[in-house]
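Engineer:
There are 2 protein chains.
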Amino acid sequence: MAEVERVRVSPNVSLPMPVVLIGTRLGGRANFMPAGWCCRANLAPPMLCCGINRTHATPGAIRETGTFSVNIPSAGQMEATDYCGLVSGADVDKSTVFEVVYGELGTAPMVADCPVAMECRVVEVVSLPSHDLAIGEIVAAYADPAVLRDDRIEMDAVDPLLLTMPDNTYRSLGRELGRAWSVGRRRAEER
Amino acid sequence: MAEVERVRVSPNVSLPMPVVLIGTRLGGRANFMPAGWCCRANLAPPMLCCGINRTHATPGAIRETGTFSVNIPSAGQMEATDYCGLVSGADVDKSTVFEVVYGELGTAPMVADCPVAMECRVVEVVSLPSHDLAIGEIVAAYADPAVLRDDRIEMDAVDPLLLTMPDNTYRSLGRELGRAWSVGRRRAEER
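Protein chains in written order, with numbering that gives the first Met the number 0: chain P, 0 to 190; chain F, 0 to 190.
So, in structure tokens, the structure goes:
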């Protein structure tokens, strides 16, 4: 690779990702699984997408109800969040791990004690070889008033969990480095 | 919301996301745009997806070449990365901002000086109302040997940029909080 030395590595590269809890209605009760493959997909209307292995119980529940929730746990919920990833909703009732609340969709259980929760209506499920990529419209979002400043969510107050792999480590959000759409402005003006 | 107080907020919720540079071949030269809506989508074969507003030049280039790259800049590349988000490849030649290298796909320019770079072949582009959700198979990945430990990418060494919104702030990866698939084990065993 020219003057810079680069070596080929496994294409199974992980990005450092926020951890979310995906809520579904499974077998008549609320179920939650942590996921690290979730990002926004569309601006207007707001949509997000989640890549979920079909070996989990969640993809079937999403297809069945056409709804799901995405909840952002805080670092203080790390242990309960991790637990939800160690047992399957197919075997274990996870409906009592958190306080559960339903919103307007009725079939997308949310974690009431997460600082941020979104209920989503399925727009499309893209069936990839091992994973379902569930694209959902965020029809409503809820937050703990304590994480709001001027009605907007302040991520420092949310104190989310990030996950890095392959070291499989939960991390906090780090320090501020600079302003986006700003620190590159001088270079743009010097052109 | 039961005993926990929650208020309704705008559904346009942002997750704290890693910043990547999406590389495309545009008008015969390399072009790069920073993006915060990118996550893994499939495990085997490895795929990722990127939500990109169609007002940008990048979605057209992805559709035209059927390829793109995803590069993970380090915090030291914050200013150059931000610059790429302030000017459009439709107006400005961004091919000299970084050292450019091509891999086996030939049409997916990568940032040679990013610690991690992936070249992707388009699997599907999902056309959402404002954004294209480009799903790509990672056909090859490259890394700076300095960020590898036992041939695996160490995210602390990559020192990636995270973006939080709406405060539009770049951040570093924070401190270690616990081990994933581990800290919830006691609760799983106590069931």
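Cβ coordinates follow ideal geometry from the N, Cα and C atoms, glycine included. Bear in mind that the values here come from a model prediction, so they are computed numbers and not experimental data.
#1: Taking only the alpha-carbon atoms, compute the straight-line gap between L176/F and F31/P and give it to the nearest angstrom.
#2: Going by the beta-carbon positions, is the gap between P45/F and I137/F smaller than 8 Å?
#3: Would you mind stating whether I152/P and V12/F have Cβ atoms separated by less than 8 Å?
#4: Looking only at C-alpha atoms, which of D131/F, E189/F, D143/F sits nearest to N41/P?
#5: I'd like to know whether the C-beta atoms of L14/P and P17/F end up nearer to each other than 8 Å.
#6: Name the chain F residues whose beta carbon is nearer than 7 Å to that of V3/P?
#7: For V121/F, return the contacting residues in chain P, with the cut-off set at a CB-CB distance below 9 Å.
#8: Look at A140/F and S9/P and say whether their C-beta atoms are less than 8 Å apart.
#9: If we count the other Cβ atoms within 10 Å of its Cβ and call it buried at 16 or more, is V110/F buried or exposed?
#10: Can you tell which of D143/F, C48/F, R120/F, T95/F has its C-alpha closest to the C-alpha of R28/F?
#11: If you compare alpha carbons, which of E189/P, T168/P, A179/P is closest to G183/F?
#12: Say whether chain P places a C-beta atom closer than 8 Å to the C-beta of T106/F.
#13: Classify A145/F as helix, strand or coil using the three-state DSSP reduction.
#14: For the beta strand (DSSP E) holding V157/P, just list the boundary residues, first then last.
#15: By the 10 Å Cβ neighbour count, where 16 or more other Cβ atoms means buried, how is A89/F classified, buried or exposed?
#16: Does V124/P get closer than 8 Å to chain F when you measure Cβ to Cβ?
#17: Less than 6 Å between C-beta atoms, sequence neighbours within five positions excluded: which residues of the same chain meet that for E123/F?
Structural biologist: Judging by the given coordinates:
#1: 21 Å
#2: yes
#3: yes
#4: D131/F
#5: yes
#6: E98, A111, D112
#7: Under the 9 Å cutoff, chain P gives no residues; its nearest Cβ is about 13 Å from V121/F.
#8: yes
#9: buried
#10: T95/F
#11: T168/P
#12: no
#13: helix
#14: Looking at the DSSP string, V157/P is not in any beta strand (DSSP E); the run it does join, the alpha helix (DSSP H), is 154–157.
#15: exposed
#16: no
#17: I134
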